[in-house]
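Colleague: Before anything else, here's the structure in question.
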Amino acid sequence: MKFHYHLIVNPASGGGKGQRHSDIIVELLKKHQHTYTMYFTEYQDHEIALIDRLSQSTLIPWKEDQIEEDKVFPLLIVIGGDGTLHQVIERLDYLKNEAPVAYIPSGSGNDFARGFGISLDPVQAFWQIIKAGKSKEINIFSYEEQISGTRGVVVNSLGIGIDGAIVYQTVQAEKKQLLNQFFLSSIVYILPIFKAIFKQRGFPVLIEANGQTFNFKKTFLCTMTNHPYFGGGIAIAPMANSQSAELECVVVEKRSMLKIFHLIFLLLFKKQEKSKAFVHFSTSKVRIVSTTQQYCQVDGEVIEQNAFDFTLQPKIQNVWFQNVWFNMKE
Ligand SMILES: Nc1ncnc2c1ncn2[C@@H]1O[C@H](COP(=O)(O)OP(=O)(O)OP(=O)(O)O)[C@@H](O)[C@H]1O
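One point on numbering: in UniProt numbering, the residue at position 260 of the sequence shown is 260, and numbering is uninterrupted.
Right, here's the structure in full:
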């Protein structure tokens, strides 16, 4: 079987990492005499139009029993951050196209790559794709939200409360920074986190899972994830297993500020289970009802303040990578 690689590149991801990584990958493709076509995203959500076009004309599911020596399989490779990958996978899901997706992580957070064992080094990630040789299935999850009538997929995590508020405050700070060239960029990322933490009030959440109903009166964070990482490598759920078809549901209740900062400290050492404010459980399906106006994040993108009634369950995604790393330099 031969391959033709179709590369969707978000050059702006990771502050230009997408462009730099795509240059490296193109060099490798040329050197190893692979054929390829490049598609650069030029504006926000451009991935959707590109997937629509490729889905109609090119992308097909991988069928193990239809492999032929002289046939060429069109393999999609995404070069971008978690947001780009989310957009691509969500659109393929919407179009019911089961084509496999390969991925070169090039964002600032790269939680999907950390969670599923893809190297953050583009050369290593390239060989994880080339050496894979076939499509495989992983577990991500899908959601339906009753109040807005929306549905979609989650490749990393979906959270209501403080994580949504931090993403919101960070986006606002980034917008302001564009107007103020002299602002220190590291402060731009630290200040919104503190602002969100101090502003976040405890809020009621109802969770239905595993045939039980849980009522949390003063929720600070309520996050569903299928692997350990969120927020750019923070192991919010170290117990989550990316190989299992279960979701990990994490709830933190608001106590005093001192207890919140103690929990953040424990989090840095993956010892959060020592805190009584930290609750977690695994489930194959979950409903989360939050009746007050809260921010929500889906794979690091913010949903404006609202009430939410989410139902989430695992979903199979076809991917093209081996989670074995290769000692290849180029
Ligand atoms: N050329 C572009 N300019 C600006 N935004 C773009 C462009 N191409 C795609 N986008 C948008 O960028 C967002 C995704 O960014 P992405 O998450 O991949 O990078 P990141 O934010 O740097 O990484 P991470 O999520 O890992 O922190 C999507 O909303 C996508 O539509």
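A virtual CB, placed ideally from N, CA and C, is assigned to each residue, including glycine.
(1) With a threshold of 7 Å (Cβ to nearest heavy atom), would H21 be considered close to ligand 1?
(2) Check whether the Cβ atoms of F265 and A132 sit closer than 8 Å, and answer yes or no.
(3) Report the residue ranges of all alpha helix (DSSP H) runs contained in full by the region 122–202; include only those spanning at least 4 residues, in chain order.
(4) Which one or two residues does DSSP pair with M38 in a beta bridge?
(5) At a cut of 8 Å, does the region 124–141 reach the region 99–107 through at least three beta carbon pairs?
(6) Enumerate in chain order the residues of its own chain whose CB-to-CB distance from L206 is below 6 Å, with the five nearest sequence positions on each side excluded.
(7) Given H280, which residues of its chain have a CB within under 8 Å of its CB, disregarding the five upstream and five downstream residues?
(8) If we count the other Cβ atoms within 10 Å of its Cβ and call it buried at 16 or more, is E253 buried or exposed?
(9) Considering only residues of the same chain and omitting the five flanking positions on each side of N10, which have a CB-CB separation below 6 Å?
(10) Which residue from T292, F141 and K136 puts its Cα closest to that of V153?
(11) Could you tell me whether the Cβ atoms of H6 and L92 are closer together than 8 Å?
(12) Kindly examine ligand 1 and report whether one of its heavy atoms sits closer than 7 Å to the Cβ of Q44.
(13) Between I234 and T37, what straight-line distance do the alpha-carbon atoms span, to the nearest angstrom?
(14) In three-state terms, what does DSSP make of K270?
Modeller: This is what the structure holds:
(1) Using a cutoff of 7 Å, the CB of H21 does not count as near ligand 1, since none of the ligand's heavy atoms is closer than that.
(2) No, the Cβ-Cβ distance between F265 and A132 is not below 8 Å.
(3) 122–130, 162–179 and 185–199
(4) L7
(5) Enough Cβ pairs lie closer than 8 Å, so yes.
(6) N215 and V289
(7) Answer for H280: A237, M239, E248, C249, V250, V251 and E273, listed in chain order.
(8) buried
(9) G18, T41, G80 and T84
(10) F141
(11) no
(12) yes
(13) 35 Å
(14) coil
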